[in-house]
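Peer 1: In our numbering, the protein residues as written are 23 to 256. Glycine included, C-beta positions come from ideal geometry on N, C-alpha and C. No experiment lies behind these values; they were computed from the predicted model shown.
(1) Quick one: measure Cβ to Cβ for residue 63 and residue 178, integer angstroms, because I've assumed they're closer than 8 Å.
(2) For residue 53 and residue 83, which I take to be in contact (beta-carbon distance under 8 Å), what is that distance rounded to the nearest angstrom?
(3) If you reduce the DSSP assignment to three classes, tell me which class residue 147 lands in.
(4) Based on the DSSP secondary-structure assignment, which residues constitute the bridge partners of residue 230?
(5) Quick one: what's residue 109 bridged to in DSSP?
(6) Three-state secondary structure (DSSP) at residue 243?
(7) Can you name the residues that DSSP bridges to residue 26?
(8) Pick from 35, 42, 155: whose alpha carbon is nearest that of residue 247?
(9) For the region 130 to 139 and the region 112 to 119, state whether three or more C-beta atom pairs, one from each stretch, are separated by less than 8 Å.
(10) Can you tell me where the beta strand (DSSP E) with residue 58 in it begins and where it stops?
(11) Shortest alpha-carbon distance to residue 224 belongs to which of 200, 156, 68?
(12) Looking at residue 183: is its Cβ nearer than 8 Å to the Cβ of residue 104?
(13) Taking 8 Å as the cut-off, does the region 189 to 205 touch the region 160 to 172 (at least 3 CB pairs, one atom from each stretch)?
(14) Pick from 209, 168, 120: whose alpha carbon is nearest that of residue 152?
(15) What are the uninterrupted segments assigned as alpha helix (DSSP H) that are 4 or more residues long and contained completely in the region 109 to 180, given in chain order?
(16) Please state whether DSSP places residue 46 in a helix, a strand or coil.
(17) Would the C-beta of residue 231 count as close to the ligand ATP, meaning under 7 Å from any of its heavy atoms?
(18) Check for me: the alpha helix (DSSP H) holding residue 71 runs from which residue to which?
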């Protein structure tokens, strides 16, 4: 029997809470101490990382999805001695583009006008795989997460993304086991954007996952857990 990492910290993406990891954790070995977190409403990536680090174990495997990947990279930058291995799902290491910043400014304005849930619900066709748009269970989980996440957190996190630094050199200069996971049907963070991190971390493993859009932890939890198992072995 393989031995798995003692501690696993899991960070959700934008508009998601730690509930997004429930299905993944159900499929992973129960010997792993899991620490799924909710990301605090702080408008700065490094300050988010420092806040989370106060309550995390001394050493851990770390996985981040989408925006959670940006936070995970910041945790690695702020406390490299505490991160045993890093997995990034549907994310990238780049700074936000000028076009991205403009889109976020417009989104923040809509949220401040009281249109948070309307705005996010209108983008469901971009975040989910087409086959999952009519999955009642998944859509109910998503609705609950939106209510728990809320507009205040969205505004803070959108501002944090706009100011996040490029972490390419961090990947290049930190020698730990990396696992990058992407979906060919992800239109929010395209597969090539995630794969591009291999230029800075050529020894990283790169895996693809089928049947999911951007929300792999929610849409394909068992398949994602299966990809994580070899990376979780000590």
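Peer 2: Let me spell this out:
(1) Contact annotation, residue 63 with residue 178: C-beta distance approximately 4 Å; criterion of less than 8 Å satisfied.
(2) Contact between residue 53 and residue 83 is absent: CB atoms are separated by about 13 Å, not below the 8 Å threshold.
(3) Reduced to three states, the DSSP call for residue 147 is helix.
(4) Under DSSP, residue 230 shares a beta bridge with 204.
(5) DSSP lists 85, 201 as partners of residue 109.
(6) Residue state, collapsed to three classes: helix.
(7) Residue 26 pairs with 255.
(8) Taking only the C-alpha atoms, the option nearest residue 247 is 42.
(9) At 8 Å Cβ cutoff, the stretches do not touch.
(10) For residue 58, the enclosing beta strand (DSSP E) has its first and last residue at 55 to 58.
(11) Per the Cα distances, 200.
(12) No, the pair does not count as a contact, with Cβ atoms beyond the cut-off.
(13) Note that the region 160 to 172 does not touch the region 189 to 205; fewer than 3 beta-carbon pairs, one per stretch, sit closer than 8 Å.
(14) The shortest Cα separation from residue 152 among 209, 168, 120 belongs to 209.
(15) Taken in chain order, the complete alpha helix (DSSP H) segments of 4 or more residues contained in the region 109 to 180 are 120 to 134, 138 to 144, 146 to 149.
(16) DSSP, read as helix, strand or coil, puts residue 46 in helix.
(17) Absent from the structure shown: the ligand ATP. Ligands present: none.
(18) First-last of the alpha helix (DSSP H) with residue 71: 67 to 75.
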